Amino acid sequence: MARTDALVLGAGIVGTSIALHLAKRGLSVALVDRRGPGEETSYGNAGVIEGNTLFPHGFPSGLHSLLRIALKQAPEANYHLSFLPKVASWLLAYRKNTMPEGSKAFATAMRPLYARAVAEHEALMAESGATRYLRRDGWLKIYRSDEAFDKIQPELKFASQLGLSYRTMDEKGGRELEPSLSPVFRHAVHWPEAASVSNPLAVTKAYAARFSALGGVILKGDARTLHRSNGQWRLDTEGGAIDGKEAVVALGSWSQDVLDPLGIKLPLKYKRGYHRHFRAKGNAALTRPVVDTENGYCIAPMEQGIRLTTGAEFADRDAPPTPVQFDRLMPGAKELFPLGEPVEAQPWMGSRPCFADSRPVIGRAPGQSELWLAYGHAHWGLTLGPATGRLVAEMMTGATPFCDPSPYSAERFGNDRRT
Ligand SMILES: Cc1cc2nc3c(=O)[nH]c(=O)nc-3n(C[C@H](O)[C@H](O)[C@H](O)COP(=O)(O)OP(=O)(O)OC[C@H]3O[C@@H](n4cnc5c(N)ncnc54)[C@H](O)[C@@H]3O)c2cc1C
-19 MARTDALVLG AGIVGTSIAL HLAKRGLSVA LVDRRGPGEE TSYGNAGVIE GNTLFPHGFP
41 SGLHSLLRIA LKQAPEANYH LSFLPKVASW LLAYRKNTMP EGSKAFATAM RPLYARAVAE
101 HEALMAESGA TRYLRRDGWL KIYRSDEAFD KIQPELKFAS QLGLSYRTMD EKGGRELEPS
161 LSPVFRHAVH WPEAASVSNP LAVTKAYAAR FSALGGVILK GDARTLHRSN GQWRLDTEGG
221 AIDGKEAVVA LGSWSQDVLD PLGIKLPLKY KRGYHRHFRA KGNAALTRPV VDTENGYCIA
281 PMEQGIRLTT GAEFADRDAP PTPVQFDRLM PGAKELFPLG EPVEAQPWMG SRPCFADSRP
341 VIGRAPGQSE LWLAYGHAHW GLTLGPATGR LVAEMMTGAT PFCDPSPYSA ERFGNDRRT
């Protein structure tokens, strides 16, 4: 029987970063996944390391926006009707948490993690040979209307109060940064404290390779086999059973599959999302990711081409893909940037794990000893993976955590675990 100090379940960017941080601190660690590292949701994101994030993604406001979504005409969101009853109370809680007061509470709770996001990636990249994937030139958000730009003024004001850098500009300024954009927008905001990567999969794989080089073991197995045996956590893998004194659940959108049977029923939901790569026409190019805020998509330069990522789709995690948002957003995207032929035949689909307060759960599992939780990173798993890895490793080894982990505790849901 193989024995370890810790089993880390899930080799997305979050689990891989945790495993690497634990191995760096001298623990014997097995990182277990049913796939290779980084091949699920962590494969397909827009590659933005959002060190600048303050407020959670807003809930649509105004009759026009709500109607467009209800009528399935909105490029920024889609839903499966059958899923709505399952997510209704969660959506109400989400809406409340994205009102001004909730947004500020989110910003206060999450700032210590976002503030470390880029630096923690840089540290892991340096030792993993992954710095070549990093771009330190921020990201650009564009606003087609004055109304959309007006709406973000409270966030900009708050950013100024906290001393976060940003630069507002008109269409001309935006096109000086990204000359291939068309003049279809009126305002842009450049956030230089964000960074981005040209290949999120390669970054997670590089961290996994570094973990192996430090003596960590990567195994294929089904995390749902996790159980107690002789005071240890035991898991069945393709190479046989393996024990760990402690276990960490970092299974992203699949975390409740393991936790529900253990009685840890937290109110996790999913925001599905898609991407597709396109070739750029002619000499057109992007230096950094660009978000078309009113249409809820991002175009990001990747090694595979220009990656166009969609906003949220509310649907059962395992329901077949319905990439209808592309039909709605392609006219606007092609208007903004000269997208050419698609690279793949079909879009890719991923699942953002999301709590209604948009905060992840990081810390001890309630009611189970030697079990740790690190999931629910929503729109920011790539951003927060390494900072989460450090925080979990510090807590597990009894070191002083670099920030107060209490805002991320599972205990915040109390006994009412519906939302
Ligand atoms: C379209 C899109 C764009 C995004 N853009 C950004 C962005 O620009 N910046 C950003 O920070 N974030 C972004 N995100 C969010 C980010 O990708 C996720 O938050 C992040 O990937 C979650 O990482 P994770 O490690 O928690 O989960 P995952 O990467 O999903 O990893 C979970 C792992 O668990 C494994 N697993 C599941 N079930 C089992 C089982 N039973 N047994 C064994 N293994 C199992 C899976 O195989 C997987 O490897 C985006 C997401 C989407 C969908």
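Numbering (the numbering used here), first residue to last: -19 to 399. Note that CB positions come from ideal geometry on N, CA and C, so glycine has one too. Treat the numbers as computed from the prediction; the structure is a model and nothing was measured.
To the nearest angstrom, report how far apart Gln305 and Val(-12) are at their CA atoms. Locating residue 305 in the sequence shown gives position 325, counting from the first residue. Locating residue -12 in the sequence shown gives position 8, counting from the first residue. Between Gln305 and Val(-12), the C-alpha separation is close to 35 Å.
Buried or exposed: Asn263, going by 16 or more other Cβ atoms within 10 Å of its Cβ? Within the sequence shown, the letter at position 283 stands for residue 263. Taking all protein chains shown into account, Asn263 has fewer than 16 neighbouring C-beta atoms within 10 Å of its C-beta and is therefore exposed.
Give me whichever residues DSSP pairs with Val197 in a beta bridge. Numbered from 1 along the sequence shown, position 217 holds the residue referred to as residue 197. In DSSP, Val197 forms a bridge with Ala10.
Which residue from Leu7, Ser22, His1 and Ser8 puts its Cα closest to that of Ala(-9)? Position 11 of the sequence shown, counting from 1, holds the residue named residue -9. Closest in C-alpha terms to Ala(-9), from the list Leu7, Ser22, His1 and Ser8, comes Ser22.
Three-state secondary structure assigned by DSSP to Asn77: Here residue 77 is taken as the residue at index 97 of the sequence shown, counted from 1. Three-state result, Asn77: helix.
With 16 other Cβ atoms within 10 Å as the buried cut-off, status of Gln236: Counting from one through the sequence shown, the residue named residue 236 turns up at place 256. Residue burial is scored here from C-beta neighbours: Gln236 has at least 16 other C-beta atoms within 10 angstroms and is therefore classed as buried.
For His255, verify whether its CB is less than 7 Å away from any heavy atom of ligand 1. Your numbering for residue 255 matches position 275 in the sequence shown. Relative to the non-hydrogen atoms of ligand 1, the Cβ of His255 comes within a distance shorter than 7 Å of at least one.
Whole beta strand (DSSP E) elements within the region 315 to 380, 3-residue minimum: Whole beta strand (DSSP E) segments, 3+ residues: 319 to 322, 328 to 334, 341 to 344 and 351 to 355.
Is it true that the region 111 to 124 meets the region 269 to 289, where meeting means three or more beta-carbon pairs spaced less than 8 Å apart? The answer is yes - the region 269 to 289 touches the region 111 to 124, with three or more Cβ pairs under 8 Å.
If we ignore side chains and look at the alpha-carbon of each, how far apart do Glu102 and Gly361 end up? Here residue 102 is taken as the residue at index 122 of the sequence shown, counted from 1. Here residue 361 is taken as the residue at index 381 of the sequence shown, counted from 1. Across the structure, Glu102 and Gly361 are spaced so that their CA atoms are roughly 16 Å apart.
What did DSSP end up calling Tyr146 once you bin it into helix, strand or coil? Within the sequence shown, the letter at position 166 stands for residue 146. Of the three classes helix, strand and coil, the one that applies to Tyr146 here is coil, per DSSP.
Please report the residue range of the beta strand (DSSP E) in which Ser160 lies. What you label residue 160 is simply residue 180 of the sequence shown in a count that begins at 1. Per DSSP, Ser160 belongs to no beta strand (DSSP E) and is neither H nor E.
With DSSP as the reference, please indicate the residues paired to Asn58 in a beta bridge. The sequence position of residue 58 within the sequence shown is 78, counting from 1. Residue pairing for Asn58: DSSP places it in a beta bridge opposite Glu293.
Tell me whether the region 88 to 105 and the region 22 to 39 touch, counting them as touching only if at least three CB pairs, one residue from each stretch, are closer than 8 Å. Yes: at least three Cβ pairs fall under 8 Å.
Report buried or exposed for Thr407, applying the criterion of at least 16 other Cβ atoms within 10 angstroms of its Cβ. The chain is shown only over -19 to 399; residue 407 falls outside these bounds and no answer can be derived.
Do you know whose CA, among Leu353, Ser192, Asp150 and Lys314, lies nearest Ser386's CA? By one-based count along the sequence shown, residue 386 stands at place 406. Checking every option, the nearest Cα to that of Ser386 belongs to Leu353.
Helix, strand or coil at Phe258 [DSSP, three-state]: Working through the sequence shown from its first residue, we reach residue 258 at position 278. Residue state, collapsed to three classes: strand.
Between His170 and Arg147, which are expected to be in contact by the criterion C-beta below 8 Å, what is the C-beta distance as a whole number of angstroms? Counting from one through the sequence shown, the residue named residue 170 turns up at place 190. Counting from one through the sequence shown, the residue named residue 147 turns up at place 167. About 5 Å separates the two Cβ atoms, so the contact holds.
Over what stretch of residues does the alpha helix (DSSP H) that includes Gln53 continue unbroken? To locate residue 53, count along the sequence shown from 1; it is residue 73. Careful: Gln53 lies outside any alpha helix (DSSP H) and carries neither H nor E.
Output yes or no for whether 8 Å exceeds the beta carbon distance between Met376 and Ala73. Translated into the one-based positions of the sequence shown, residue 376 becomes position 396. Translated into the one-based positions of the sequence shown, residue 73 becomes position 93. No, Cβ-Cβ distance for Met376 and Ala73 is not below 8 Å.
Distance between Tyr113 and Ala174 (C-alpha atoms, nearest Å): Reading the sequence shown from its first residue, position 194 is the one you call residue 174. Reading the sequence shown from its first residue, position 133 is the one you call residue 113. Between the C-alpha atoms of Ala174 and Tyr113 there is a straight-line separation of about 14 Å.
Start and end residues, alpha helix (DSSP H) containing His1: Numbered from its first residue, the sequence shown carries residue 1 at position 21. Secondary structure note for His1: its alpha helix (DSSP H) is the uninterrupted segment Ile(-7) to Lys4.
Just how far apart, CA to CA, sit Arg15 and Met282? Taking the first residue of the sequence shown as position 1, residue 15 is located at position 35. Taking the first residue of the sequence shown as position 1, residue 282 is located at position 302. Note on geometry: alpha-carbon atoms of Arg15 and Met282 lie some 22 Å from one another.
Return yes when the C-beta of Thr21 is under 7 Å from any heavy atom of ligand 2, and no when it is not. Among the ligands present in this structure, namely ligand 1, ligand 2 is not found.
Please report how far the alpha carbon of Ala325 lies from the alpha carbon of His257, in whole angstroms. Walking along the sequence shown from the start, residue 325 turns up at place 345. Walking along the sequence shown from the start, residue 257 turns up at place 277. For Ala325 and His257, the gap between their C-alpha atoms comes out near 10 Å.
Give me whichever residues DSSP pairs with Thr217 in a beta bridge. What you label residue 217 is simply residue 237 of the sequence shown in a count that begins at 1. Per DSSP, Gly201 and Gly220.
DSSP state of Asp237, grouped into three classes? Working through the sequence shown from its first residue, we reach residue 237 at position 257. Correct three-state label for Asp237: helix.
Is Ala265 buried or exposed, if buried means 16 or more other CB atoms sit within 10 Å of its CB? On the sequence shown, residue 265 is found 285 positions in, with the first residue counted as 1. Around the beta-carbon of Ala265, fewer than 16 other beta-carbon atoms lie within 10 Å, marking it exposed.
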